[in-house]
Amino acid sequence: ALRTLCASLLGSAALVPFGAAPPAAAQGVGLSRAFVYHPKNTPGQPWPGLPPFETLTYQGRDGQPLAAWFWRGAKPAGTPLTVFFHGNAGNFEDSTRFTAGLIAAGYPVLLPEYRGYGGLPSRPTETGLRRDAQAALDMAQRLGWPPENVLITGHSLGGALALHALHDQGQIARGAIIMSTFTSLPDMAGWARWLMADQFNNLALAARTRVPVAWVHGTKDRLIPIQHGHRLYRALPVATPKTFITLDVPHAAQHLTYQAAMVDAMQWHLAL
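Counting along the sequence shown from 1, when you hit position 232 you're at 255 in the numbering used here, and nothing is skipped either side.
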């Protein structure tokens, strides 16, 4: 998980003697990304008891091979599509652990995979992941959902990806659900922030977010403490419709609680 990986990064930084020159730029970039991104190489299995789904394969705008799991659902036409981005060290299976409640209730859900994860080729970078997120939103349109009727959601690193995807497409969306996400990667790395090749500056984006946002965070989260969620939530403009859902859970466990929170957040969006 992200905070553990950043702790490993701190350990690596400690190997550089005080006053010594930092590693060469290319080596530093590779080092930081190797510690930050730990993809699972298999897609995994869906949460037990879910209805059948479609496996979609497509290409990103840069030709990157991509894939997604898709449930069209049984809700009436016009129901928003939830696009959910999983966290670090995650895959399709992890995505269903958070979205199974929505899927079981008949909501349409799209679970995209990205480069380096789930057996897909290439290595993850901030730029590459953001391109893959845009490709997922392109796929949502091809499936019949205009941007204005898509909820962009994600957990942990996936929450950062969701927030960046929202802004990369000009904040044209039904809204967002951001779960257990950090203010920025350098903030997670602490004094070793100079090692971070990728930034994911979520705090800066939160301050410019205009679409409705449901923020979700656990009080027992020791990987990305809830203070990150509070800072991000407070950064949202006053006029932005928003709600903060507090859960008595750790970062990535007690998934039934997270599933219920996703349904609650969906109902909050629908009531606006």
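Cβ coordinates follow ideal geometry from the N, Cα and C atoms, glycine included. Small disclaimer: the values here were computed from a predicted structure and weren't measured.
- Annotation for Thr-242: no alpha helix (DSSP H) segment contains it, and DSSP assigns it neither H nor E.
- In summary, Val-261 is exposed, with fewer than 16 beta-carbon neighbours lying within 10 Å of its beta-carbon over all protein chains present.
- A contact is defined here as three or more CB-CB pairs under 8 Å, and the stretch 150-159 fails this definition with respect to the stretch 115-125.
- Within the DSSP secondary-structure output, Leu-134 pairs in a beta bridge with Trp-92.
- Unbroken beta strand (DSSP E) stretches of 3 residues or longer found wholly inside the stretch 153-192: 173-178, given in chain order.
- In the structure shown, the three-state DSSP call for Leu-270 is strand.
- DSSP places Phe-108 in the strand class (E or B) of the three-state scheme.
- Secondary structure of Trp-70 (DSSP, three-state): coil.
- Secondary structure at Tyr-281: helix, using DSSP grouped into helix, strand and coil.
- Sorting Phe-121, Gln-192, Gln-194, Ala-91 by C-alpha distance to the C-alpha of Ser-203 places Phe-121 at the top.
- Going by C-alpha positions, Leu-134 is about 31 Å away from Arg-216.
- Looking at the backbone, the Cα of Gly-139 and that of Pro-75 are separated by about 25 Å.
- Nearest to Thr-150 by alpha-carbon distance, out of Gly-67, Asp-85, Leu-166, Pro-103, is Asp-85.
- When only Cα atoms are considered, Asp-117 and His-278 end up about 10 Å apart.
- Per DSSP, Tyr-256 is one residue of the alpha helix (DSSP H) stretching across 249-258.
- By the criterion of a C-beta distance shorter than 7 Å, Val-236 is surrounded in its chain by Gly-198, Ala-199, Ile-201, Leu-259, Thr-263, Lys-265, once the five residues flanking it on both sides are discounted.
- One alpha carbon belongs to Asp-155, the other to Arg-56, and they sit about 17 Å apart.
- Contact between the stretch 225-233 and the stretch 184-192 is present, with at least three C-beta pairs closer than 8 Å.
- Setting aside the 5 residues that flank it on each side, Trp-168 is surrounded in the same chain by Leu-104, each with a C-beta closer than 7 Å to its C-beta; the list follows chain order.
- Per the coordinates, the alpha-carbon of Pro-99 lies some 18 Å from the alpha-carbon of Leu-295.
- Straight-line spacing of the CA atoms in Leu-143 and His-253 works out to 34 Å.
- Residue pairing for Met-202: DSSP places it in a beta bridge opposite His-178, Val-239.
- Shown here, Thr-232 sits in coil according to DSSP, grouped into three states, outside any helix or strand.
- In chain order, Trp-94, Thr-105, Thr-122, Leu-125, Ile-126 place their CB closer than 6 Å to the CB of Val-132, counting only its own chain and leaving out the 5 sequence neighbours on each side.
- Looking at the backbone, the Cα of Glu-171 and that of Ala-196 are separated by about 4 Å.
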